[in-house]
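Going by our numbering, the sequence shown opens with residue 40, and the numbers climb by one from there. Notes follow the structure.
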Amino acid sequence: MAGPVTAAYWIRKAAALAGDEKTGNAVGTILTAFLLPFILVIVCLCGMMDAAADHNRAAVEWCFGDGAIPAAAPEEYAGHITQMRACFTVLDGAVGKLNAELEPEPF
């Protein structure tokens, strides 16, 4: 029973404090000062995740597409993309052979 009574007490206290404009401004300022670093960290993380997603999309396009790999890409990275393209070509050939063997002959 102590939980709901305590919660009701704190809700009444917060409502009383929020009713006073000066106290409400002070509480708002303190909350803003406390929460601002967390908000900024979240914004920075979202920005980094967006950049990582753009990079991943580009990498998928380079691996599965036939377009040219940008000259700005590091040599090792371009080598990996070229190797993946070669592996996909071998895989496509193997799947083509299996499909040819498994397709039923026309009557």
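Here a beta-carbon is modelled for each residue, glycine too, at the ideal position from N, C-alpha and C.
Proximity below 7 Å, CB of alanine 117 to CB of isoleucine 108: In this structure, alanine 117 sits near isoleucine 108, with a CB-CB distance shorter than 7 Å.
Specify the secondary structure class of glutamate 140 as computed by DSSP and reduced to three states. Glutamate 140: helix per DSSP, three-state reduction.
Per-residue burial, tryptophan 49 [other beta carbons within 10 Å of its own, 16 or more giving buried]: In summary, tryptophan 49 is exposed, with fewer than 16 beta-carbon neighbours lying within 10 Å of its beta-carbon over all protein chains present.
If you draw a straight line from the C-alpha of threonine 68 to the C-alpha of histidine 94, how long is it? Roughly 39 Å separates the two Cα atoms.
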